[in-house]
Amino acid sequence: MKKNAKILFFVFLFAVVMIILFGWVLPVVFQYYLHNTYIRGITQLLIFSIVVLAKRFTWKNNLVYVIAVFTLFSMMIDTVGNPVFNKPLEWMVSPVGELQVMQDINHYGPGEYVIADNITILKQSGEVLELSTVWLYLYRFMQYMVLYLLVGTLLGAISRMRPQQGMMLTQTAGDQPLTAEQEQRAAAEMKRRGEAGNTPYLPPDDILDTVRQMKKDGKLIPAIKLVRQHSSLSLGEAKQYVERL
Numbered sequence: 009m010k011k012n013a014k015i016l017f018f019v020f021l022f023a024v025v026m027i028i029l030f031g032w033v034l035p036v037v038f039q040y041y042l043h044n045t046y047i048r049g050i051t052q053l054l055i056f057s058i059v060v061l062a063k064r065f066t067w068k069n070n071l072v073y074v075i076a077v078f079t080l081f082s083m084m085i086d087t088v089g090n091p092v093f094n095k096p097l098e099w100m101v102s103p104v105g106e107l108q109v110m111q112d113i114n115h116y117g118p119g120e121y122v123i124a125d126n127i128t129i130l131k132q133s134g135e136v137l138e139l140s141t142v143w144l145y146l147y148r149f150m151q152y153m154v155l156y157l158l159v160g161t162l163l164g165a166i167s168r169m170r171p172q173q174g175m176m177l178t179q180t181a182g183d184q185p186l187t188a189e190q191e192q193r194a195a196a197e198m199k200r201r202g203e204a205g206n207t208p209y210l211p212p213d214d215i216l217d218t219v220r221q222m223k224k225d226g227k228l229i230p231a232i233k234l235v236r237q238h239s240s241l242s243l244g245e246a247k248q249y250v251e252r253l
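The opening position of the sequence shown corresponds to residue 9 in my numbering, with each subsequent residue numbered one higher.
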């Protein structure tokens, strides 16, 4: 009985959440998103920044593809733009007349919208010159591409400066010298294994040649990592082993 009551309660709770979400929250957000000229650009720029920082995209790591995708989607979603984004376009057409970029939103029923973008130039004589929306798409494409290029370059530089956790831990472990206690533990462990006849598995000769060359080249950390990958030595033992080669 209690189990059935819990199931009915969760079904009722789920239905209430869906009704509130789709009947009130999403329509309000959608209406705000449609009629606010700034929210579209801010939202897309915020999503772009989160993606670039989260995935550590740089110019050497597929940032150009991210910029291309976001530029195309932004051109289609935010064709009308906002007064700030349209300022350069206003300056370009100012010798001809006053730029007017408008978006007509027609609501025919629940969830049925028809959105039409219009771009016109109002001349000083009062004549209205209608332009093709193709020019607006081209301008919006160039505008978002330049914006994402600048922001992507800045965020890419920030991503390069952020240390990767795994790399930081590896370099820290390899760069810091072992304490006296760690040296004693490593030596005692190797001695114990030798006395017990449990000789640790060591790297083969071809790997040792590579390790020796890496040590000569000053690449101590990669050499220690290579020894650990091809042996059963601990970090301290691998460090001592490389230093004794």
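Quick reminder that beta carbons are idealized off the backbone N, C-alpha and C, glycines included.
Take the alpha-carbon of V36 and the one of T45: they are about 15 Å apart. Secondary structure at V19: helix, using DSSP grouped into helix, strand and coil. Assignment of beta-bridge partners to Q132 by DSSP yields no partner. Closest in C-alpha terms to A124, from the list T51, N90, R170 and M110, comes M110. Just so you know, the alpha carbons of I229 and K68 end up roughly 24 Å apart.
In the same chain as H43, and ignoring 5 residues on each side of it, no C-beta atom comes closer than 7 Å to its own. About 7 Å separates the CB atoms of V159 and L53; that is less than 8 Å, so the two are in contact. Assignment of L107 by DSSP, reduced to helix, strand and coil, places it in the strand class.
Around the beta carbon of I55, fewer than 16 other beta carbons lie within 10 angstroms, which makes this residue exposed. DSSP places D225 in the coil class of the three-state scheme, outside both helix and strand. Apart from the 5 residues on each side of it in sequence, K131 sits with its Cβ closer than 7 Å to the Cβ of V104, G105 and L137 in its chain, given in chain order.
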